[in-house]
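Chains as they are written, first to last, in this note's numbering: chain A, 13 to 169; chain B, 13 to 169.
We treat Cβ as the ideally placed atom computed from N, Cα and C, and that holds for glycine.
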DNA sequence: GCTAATCCGAGTAATCCACTCAGAATTAAC
DNA sequence: GTTAATTCTGAGTGGATTACTCGGATTAGC
């Protein structure tokens, strides 16, 4: 039910990577994919979603790359996950789908239906916890040992 | 990401139905499927999961059926959803899968890995909200209008 | 103009979902 | 003891999604 796909997983890892190298200017996907051990071409698809939601900016051409559009402490994980997995609201459960504002088979408004209330409570719980975690918190965990100390300096490799 | 499948949805509706008819003795799947408008043979598969987790009891043969093994207020939705969608713990994210107790590519223990901490916080949030909702709460919402008033009496249709 | 990078669309094997189908096993009612 | 109603069980199936790969177009620094 809580299914975290690699889309979410990899996307978050890309964002954490970008957060760690935030001071270091542009960072290319090849760098990220090598450091994280993830397939480049797949990351291209994922980062598109992040760019479409304006979480990262891109520069094309040689020596191009990606960068966060905001400081890591201003990026909430709710935004990140919403960008990656089509938003938490639209990724709906069966009872939400067809019956917008209509009455269900039981005769009362679908909004009153019991299961719907359950999923709604679940979704707000998920949203609130994700909203309470920033990228900065996650990227505070140390990166690869070899990189420690370089992070605040301006490392790109 | 929060994907509620029909497995979860239908299963919950079955449980709510059984809760509403808790006083009325056994209830057959055909009754449930007619009242809820859900395919019987699919429900057979779902209710198997609920029975395996000892949430419902079954009686075979003619005039057989199902019944909750506990009163609705003693059944938490966390149990129900865990039974339906293989438990929230085992339904893991990619970073959980292969690396139990090992160190990850980064050299520190996988438990310290950032994404893992994120998913862990998410999962406990989900579990806690589900754990705070009982079947009784959900089944308190009125059933089909025609059935009101019959509920406490011993209705089977 | 070469090269490094971002972009973009299509294709694909594997897996899961939401069922259906066929039938065996069990039991109450006649 | 036959019939009918029911729970059980395993297998199959069309569609969707996932997790990618492939091929190439575009853009820019040197």
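Taking all protein chains shown into account, do 16 or more other C-beta atoms lie within 10 angstroms of the C-beta of residue i, making it buried, or fewer, making it exposed?
{"i": "residue 20/A", "result": "buried"}
{"i": "residue 42/B", "result": "exposed"}
{"i": "residue 64/B", "result": "exposed"}
{"i": "residue 72/B", "result": "exposed"}
{"i": "residue 136/A", "result": "exposed"}
{"i": "residue 29/A", "result": "buried"}
{"i": "residue 33/A", "result": "buried"}
{"i": "residue 91/B", "result": "buried"}
{"i": "residue 35/A", "result": "exposed"}
{"i": "residue 26/B", "result": "buried"}
{"i": "residue 31/B", "result": "buried"}
{"i": "residue 74/A", "result": "exposed"}
{"i": "residue 164/A", "result": "Model confidence at residue 164/A stands at a pLDDT of 37, short of 50, so the residue's coordinates are unreliable; what they give is reported in the following sentence. Residue 164/A should be labelled exposed."}
{"i": "residue 168/B", "result": "Caution is warranted here: a pLDDT of 32 is assigned to residue 168/B, below 50, making its placement in the model unreliable, and the coordinate value is therefore given only provisionally. Exposed."}
{"i": "residue 119/A", "result": "Because the pLDDT of residue 119/A is 41, which lies under 50, any placement of that residue in the model is unreliable, and the question is left without a value."}
If you follow the beta strand (DSSP E) that residue i is in, where does it begin and where does it stop?
{"i": "residue 69/A", "result": "68 to 71"}
Just grab the DSSP bridge partners of residue i for me.
{"i": "residue 39/B", "result": "78/B"}
{"i": "residue 88/B", "result": "146/B"}
{"i": "residue 14/B", "result": "14/A"}
Name the residue from the options whose alpha carbon lies nearest to the alpha carbon of residue i.
{"i": "residue 5/A", "options": "58/A, 75/A, 48/A, 137/A", "result": "Any property of residue 5/A remains undetermined from this structure, which presents chain A solely from 13 to 169."}
{"i": "residue 61/B", "options": "47/B, 78/B, 139/B", "result": "78/B"}
{"i": "residue 46/B", "options": "22/B, 144/B, 140/B, 152/B", "result": "22/B"}
{"i": "residue 134/A", "options": "133/B, 131/B, 139/B, 132/B", "result": "139/B"}
{"i": "residue 40/A", "options": "76/A, 132/A, 80/A, 152/A", "result": "76/A"}
{"i": "residue 88/B", "options": "143/B, 48/B, 151/B, 129/B", "result": "143/B"}
{"i": "residue 145/A", "options": "130/B, 148/B, 149/B, 147/B", "result": "130/B"}
{"i": "residue 70/A", "options": "16/A, 96/A, 38/A", "result": "38/A"}
{"i": "residue 127/B", "options": "95/A, 74/A, 147/A", "result": "147/A"}
{"i": "residue 95/B", "options": "149/B, 150/B, 24/B", "result": "24/B"}
{"i": "residue 151/B", "options": "98/B, 80/B, 97/B", "result": "80/B"}
{"i": "residue 17/B", "options": "49/B, 97/B, 44/B, 48/B", "result": "97/B"}
Which two residues bound the contiguous alpha helix (DSSP H) that contains residue i?
{"i": "residue 60/B", "result": "52 to 64"}
{"i": "residue 28/A", "result": "18 to 32"}
Going by the C-beta, is residue i closer than 7 Å to any heavy atom of the ligand FMN?
{"i": "residue 51/B", "result": "Among the components of this structure there are no ligands whatsoever, and the ligand FMN is therefore not found."}
For the stretch 42 to 56 of chain A against the stretch 82 to 98 of chain A, are there 3 or more C-beta pairs whose distance is under 8 Å?
no
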